[in-house]
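Each residue of the sequence shown is one higher than the one before, starting from 1 at the first, in UniProt numbering. Here's the structure, in structure tokens; my notes come after.
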Amino acid sequence: MKKIFYAVLFVLLLAGLFGCKSNNNVSSEADMSNGKLEKTIIAHRGASGYIPEHTLASKALAYQMGVPFLEQDLAMTKDNRLVVIHDHFLDRVTDVADKFPGRTRDDGRYYVIDFTLDEIKSLNFMEGFTVKDGRRVQDYPDRFPMGKSTFEIHTFEEEIEFIQGLNKTLGKDVGLYVETKAPWFHKQEGKDISKATLEVLKKYGYTTKDSNVYFQTFDFPDLVYVREKLMPEMDMDLKTVMLFAENSWNETYEKTDDGLWVPFDFDKLRTPDGMALVAKFADGAGPSNDMVIDKTLSKKGNIVITDFVKLAHDNNMVVHPYTARKDKLPAYVDNIDELYEAILYQAGADGLFTDFPDLGLNFVKNHK
């Protein structure tokens, strides 16, 4: 059933039923996937505003919309396979609690790293949800109905082969935008997710800065390790991006000299000296929208930008903020076009991540 679903979806996409033309007369949006747009629109987890995030169906739809890059978040399984999933947990987007009750850790979460690939492939992948009063409540209620149709988690290799296959048959060069999830956590578990990721990328021909790929992470100590040790040893030199988080998120931990794991201080990187340090290891910076636009001071008709983009540009880094969603707008805009305008043109970012890549592409194409 799953293979039939993907085959039918692919035929529909090629037939142009999503509003794009065939390969013989590629749409203006698709033409822009070769870098002609002045701003880079990255499909955040695919066309995740329309089809469940990180499914191959979501990637296929985003691809046909004409994006230059598709994002891949990666976590490692118990048997050392890389799977495409936003969290290193399974319980937000699958029915793992139904099929494998009792397999949680002490915090009540189901970790990707505690399951084999075969076990993970047996799960139903769906729209993200939060459990409230014992019920699953869809996080974005107007998106693809939770639990409907059939989707599954796939490997990094499967996604690369899918994208490279489409690139061959459609004559395009859509790139990868890869994020290793919580390298610090994987190290605690005895796994080197960054090395595994680079091995797969090298296997499929992504080895230099000319390769159409970005390697991004929230883990600055691991980024240093990747750039100073792994890439030189593997004869690789990919474009890299440092992702920025708020300290309150506890997104990354680092190991101290006495062996303790403590939360990483991102604030020290959001300074002139910090950004200069980041630039020694990164070609780009990935801030949240709130780091480039002051949401406290900004009001409708009066956008107040921060110095983040300027600091990054002063250090020759591109800036790709995350994430523009039409169903989760900040108070200072009325619609997603106003958000695109604020991030890309008022704040001056070089591109952005969005759940609605068609809207981003159209906005940039028609911008005056």
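No residue lacks a Cβ here, since even glycine has one placed at the ideal position from N, Cα and C.
**Item:** Start and end residues, beta strand (DSSP E) containing Phe215
**Value:** 213-217
**Asked** Do Lys326 and Leu359 have their C-beta atoms closer together than 8 Å?
**Response** yes
**Message:** As a quick exercise: from Val174, Asp273, Thr271, Val318, pick the residue whose alpha carbon is nearest that of Tyr206.
**Reply:** Val174
**Request:** Could you tell me if Asp314 is buried or exposed, where buried requires 16 or more neighbouring beta carbons within 10 angstroms of its beta carbon?
**Result:** exposed
**Item:** Reduced DSSP secondary structure (H/G/I, E/B, other) of Ile120
**Value:** helix
**Request:** Identify, in the order they occur along the chain, each residue of the same chain with its Cβ nearer than 6 Å to the Cβ of Lys295, setting aside the five sequence neighbours on each side.
**Result:** Pro330
**Asked** Using DSSP with H/G/I as helix, E/B as strand and the rest coil, what is Glu246?
**Response** coil
**Request:** Measure the C-alpha to C-alpha separation of Thr104 and Tyr110 and round it to an integer number of angstroms.
**Result:** 5 Å
**Prompt:** So who's on the other strand from Phe115, going by DSSP bridges?
**Reply:** According to DSSP, Phe115 bridges with nothing at all.
**Prompt:** Anyone know if the C-beta pair for Ala43 and Glu71 falls short of 8 Å?
**Reply:** yes
**Item:** Proximity of Thr155 and Val83 at Cβ, strictly below 8 Å
**Value:** yes
**Request:** Assign Glu233 to one of two classes, buried (16 or more other C-beta atoms within 10 Å of its C-beta) or exposed (fewer than that).
**Result:** exposed
**Asked** Out of curiosity, what's the CA-to-CA distance linking Glu38 and Lys365?
**Response** 8 Å
**Request:** In angstroms with no decimal places, state the Cα-to-Cα distance between Thr197 and Thr180.
**Result:** 8 Å
**Asked** What separation, rounded to the nearest whole angstrom, lies between the Cα atoms of Pro68 and Thr240?
**Response** 17 Å
**Request:** Could you tell me the boundaries of the beta strand (DSSP E) in which Ile42 lies?
**Result:** 40-43
**Asked** In its own chain, which residues sit with a C-beta less than 6 Å from the C-beta of Asp235, not counting the 5 before and 5 after it?
**Response** none
**Item:** Residue closest to Ser288, alpha-carbon to alpha-carbon, out of Ala279, Met317, Pro321
**Value:** Pro321
**Message:** Output needed for Phe115: all residues of its chain with C-beta closer than 8 Å, excluding positions within five of it in sequence on either side, in chain order.
**Reply:** Thr77, Lys78, Leu90, Val96, Phe100, Arg103
**Request:** Can you give me the Cβ contacts of Phe353 inside the same chain, cut-off strictly under 6 Å, excluding the 5 residues immediately before and after it?
**Result:** Ile42, His44, Tyr322, Thr323
**Asked** Should the segment 245-257 be regarded as contacting the segment 275-283, the criterion being three or more beta carbon pairs within less than 8 Å?
**Response** no
**Prompt:** Does the segment 123-136 come within contact of the segment 150-165, defined as at least 3 CB pairs closer than 8 Å?
**Reply:** yes
**Request:** Report the three-state DSSP secondary structure of Ile293 (helix, strand or coil).
**Result:** strand
**Asked** Count the other CB atoms within 10 Å of the CB of Glu127; is the residue buried (16 or more) or exposed (fewer)?
**Response** buried
**Request:** Please report the Cβ distance between Tyr332 and Leu166, rounded to the nearest whole angstrom; I am assuming they are in contact, meaning their Cβ atoms lie under 8 Å.
**Result:** With a Cβ gap of about 37 Å, Tyr332 and Leu166 do not count as contacting.
**Asked** Closest by CA to Glu341, which one among Asp133, Ala60, Phe363?
**Response** Phe363
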